[in-house]
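These protein sequence lines map, in sequence, to chains A and B. The numbering of the first sequence is our numbering, which starts it at 29 and goes up by one. The numbering of the second sequence is our numbering, which starts it at 148 and goes up by one. Read through the structure below, which is laid out as structure tokens, and then see the notes.
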Amino acid sequence: MLDLKNVKKTYLGGSTALDGVNLSIGPGEIVGLFGENGAGKTTLMKCILGLLRYQGEIALDGQPITPKNIARLSFATCEHSYFPALTAGAHRDFYQEHFPRFRGKRFAALMDFFQLPMGKAVRSFSTGQKNQFEVILALSQGADYILMDEPFAGNDIFNREDFYKVLLGILEPEETILLSTHLLEEVQHFIGRAVLLHQGKVAGDITTLELEEQGRGLMDFVKETYQYKADRVSRALGELTDRE
Amino acid sequence: MKRWLSVLTPAARLTVWKVLGVSLLAAGAQVLLFLTFFGRRDSAGAAVSALTEAVRAGRLSLVFGAGLLLVCAVLVLPGLERGVKTGYTLRRLGVDERVLTLLWGGLNTLLLLIFWAIQTAAALGLARYCFQAMPEETGNHQSLFFAFALTPYFHALLPLWDWPVVLRNVLGSAALGLSAAALPFHWRHGRKAWTLLFLAVVATVLFPAPLETSVSCGMGLLLFGAAIALMVCNVWRRYDDED
């Protein structure tokens, strides 16, 4: 269980990125993390990974996250965290050495599925291939909690859909995914729970089962939570037209 | 142990061939410059003076300095985050990021020693060529020894019995190697760190040790020794990010 209690993050400039986040994510969950730009999604992930200092408590099965248990978390980010000069094969060897639970079979299968070259330096990959490789590494590390921050930015729709399908097929029951994305409609059938962040706070937290029972779609839930005004565009256009 | 060695892979892939390339390029440039100025020598002089004069006029120590600065620039590459955030991975490895930084510093030191060795080999080759090219009566079997004792740049490359200079060179390599690894470490954690630039310039200026005085050698020893101690402490205690 990944537990966050009253997690706060204020940057040196004084801006508050996280304002008392409470969240529990259990084993086997696939959680979508949504929110507008600047809502705190990336900051939240970086705090979980210990990449940023924060106030509050973050615990993994009751233990603070330290170098001893950090390998239970993996991270796929649109900023990319691989070594550009290494080949995919060299990454595999490197990860095998540092992450004892590295899933070599999964790595090989995913590399094969996406037809990524094993012997070329990753820097020579296309943007889409780099994203795929980043996610492959995160999925193959052998982590219990896989954090993904906008991992498919730059990939085409077919590519992304393939990936969701493959992901659902390969995940073990105890593997947990926390996926931050703006592609709400795309992932709604893939996730089991949606967490909405707004101005550094959890504004909504619901399972897709609950949504189904209520007869609502994920987009409706998001719009309601954010109090989205549907007439916003027409009013703005009207005002603009009047002025002219 | 294997895990520790494996953290060197990302750094080694980016540096080894480049450092060898720069080393050979610097040695090649020195050979060319030396031959150019050696060809213009006064044929009446002694072999050792002809060699010393060609080394001085060809400004071989400047080429060495330029090569050293280039090597330092290459050594910084593995830790730099150019379009990627490798730091996110480095902080999740089985080896502590600080230990990894020190290991990369060790690898850098080794590469700097290789750079030094290649320049020394070139200097030895040039000296041998010089004595073969000169008439036999202008030199004797001790000329090579004198050449490396009396030419400041050659003496710094191969200090022979001069242990303080040997120690200074080794400490200089370690200080430069460590700071080349520490600089991107601090950058990754949002801190400014320019020790490398300062040390590289000092090492370049101090390298062709003047023979008459041990002041520059003493200064180098003190400076490089203090820099190593400070850098290790700084890497070890300042782990948290500045946001």
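Ideal Cβ placement from N, Cα and C applies to all residues, glycine included.
1) With a CB to CB cut of under 7 Å and the five nearest residues on each side skipped, what residues in its chain are close to glutamine 91(A)?
2) Can you tell which of Cys277(B), Phe371(B), Thr233(B) has the C-alpha that lies nearest to the C-alpha of alanine 201(B)?
3) Report yes if the C-beta distance between isoleucine 265(B) and leucine 207(B) is below 8 Å; otherwise report no.
4) Is it buried or exposed for histidine 217(A), if we count other Cβ within 10 angstroms and need 16 for buried?
5) Could you work out which residue in Leu32(A), Pro145(A), Gly117(A), Val49(A) is closest to aspartate 89(A) when comparing CA atoms only?
6) Whose C-beta lies closer than 6 Å to the C-beta of leucine 353(B) among residues of the same chain, with five residues either side of it excluded?
7) CB glycine 324(B) to CB leucine 222(B), shorter than 8 Å?
8) For proline 306(B), does the count of other Cβ atoms within 10 angstroms reach 16, so buried, or fall short, so exposed?
9) Output, in chain order, the set of chain A residues within a Cβ distance shorter than 8 Å of valine 163(B).
10) Judging by CA-CA distance, which residue of His108(A), Asn159(A), Ala113(A) is the nearest neighbour of valine 231(B)?
11) Put aspartate 309(B) into one of helix, strand or coil per three-state DSSP.
12) May I ask you to report which of helix, strand or coil DSSP gives glutamate 85(A)?
13) Chain A beta carbons: is any one of them nearer than 8 Å to that of aspartate 309(B)?
14) Does DSSP put proline 92(A) in a helix, in a strand, or in coil?
15) First and last residue of the beta strand (DSSP E) that includes tyrosine 173(A)?
16) Less than 8 Å between CB atoms is the rule here; does proline 157(B) satisfy it with respect to chain A?
17) Among Phe130(A), Tyr256(A), Ser208(A), His126(A), which residue has its Cα nearest to the Cα of arginine 74(A)?
18) Excluding five sequence neighbours on each side, which residues of the same chain lie with their C-beta closer than 8 Å to the C-beta of glycine 147(A)?
19) I need the straight-line Cα distance from valine 69(A) to aspartate 177(A), nearest angstrom please.
20) Please list the partners that threonine 233(B) has in chain A, where partner means a Cβ-to-Cβ separation under 9 Å.
21) Given a limit of 8 Å on CB to CB distance, which residues of the segment 339-358 of chain B reach chain A?
22) Of all Cβ atoms in chain B, is any one closer than 8 Å to the Cβ of histidine 226(A)?
23) Glutamine 177(B): buried (16+ other C-beta within 10 angstroms of its C-beta) or exposed?
24) Rounded to the nearest angstrom, how far is the Cβ of methionine 378(B) from that of serine 320(B), given a contact under 8 Å?
25) Out of curiosity, what's the CA-to-CA distance linking isoleucine 288(A) and glutamate 64(A)?
In terms of the structure at hand:
1) Around glutamine 91(A): Asn97.
2) With distances taken between Cα atoms, alanine 201(B) lies closest to Cys277(B).
3) Their beta carbons are not under 8 Å apart, which means isoleucine 265(B) does not touch leucine 207(B) by this criterion.
4) Per the 10 Å Cβ criterion, exposed.
5) Cα-wise, what sits closest to aspartate 89(A) is Leu32(A).
6) Apart from sequence neighbours up to five positions away, the residues of its chain that approach leucine 353(B) with a beta-carbon distance below 6 Å are Ser363, Gly367, ordered along the chain.
7) For glycine 324(B) and leucine 222(B), yes; Cβs fall inside 8 Å.
8) Counting Cβ neighbours within 10 Å, proline 306(B) comes out buried, since at least 16 surround it.
9) By Cβ distance, chain A contributes nothing, its closest Cβ being about 11 Å from valine 163(B), past 8 Å.
10) Ranking the options by Cα distance to valine 231(B), first place goes to His108(A).
11) Coil.
12) DSSP places glutamate 85(A) in strand when its eight states are reduced to three.
13) By this cut-off, aspartate 309(B) is not an interface position.
14) In this structure, proline 92(A) counts as strand in the three-state DSSP scheme.
15) Tyrosine 173(A): member of the beta strand (DSSP E) spanning 173-177, first to last residue.
16) Proline 157(B) has a beta carbon lying within less than 8 Å of a beta carbon in chain A.
17) For the sequence presented, residue 74(A) should be read as lysine rather than arginine. Answer by Cα proximity: Ser208(A).
18) Apart from the 5 residues on each side of it in sequence, glycine 147(A) sits with its Cβ closer than 8 Å to the Cβ of Thr115, Ala116, Gly117 in its chain, given in chain order.
19) Note that residue 69(A) is lysine in the sequence shown here, rather than valine. If you take the alpha carbons of lysine 69(A) and aspartate 177(A), they lie about 8 Å apart.
20) For threonine 233(B), the neighbours in chain A by C-beta distance under 9 Å run, in chain order, His108, Ser109, Tyr110, Phe111, Pro112.
21) Listed by position, the residues of the segment 339-358 of chain B near chain A (Cβ gap below 8 Å) amount to none.
22) It does not; no Cβ of chain B falls within 8 Å.
23) Buried: at least 16 other Cβ atoms inside 10 Å.
24) Contact doesn't hold; Cβ gap of about 13 Å is too wide.
25) In the structure displayed, chain A extends from 29 to 272; residue 288(A) sits before or after that span and is not available.
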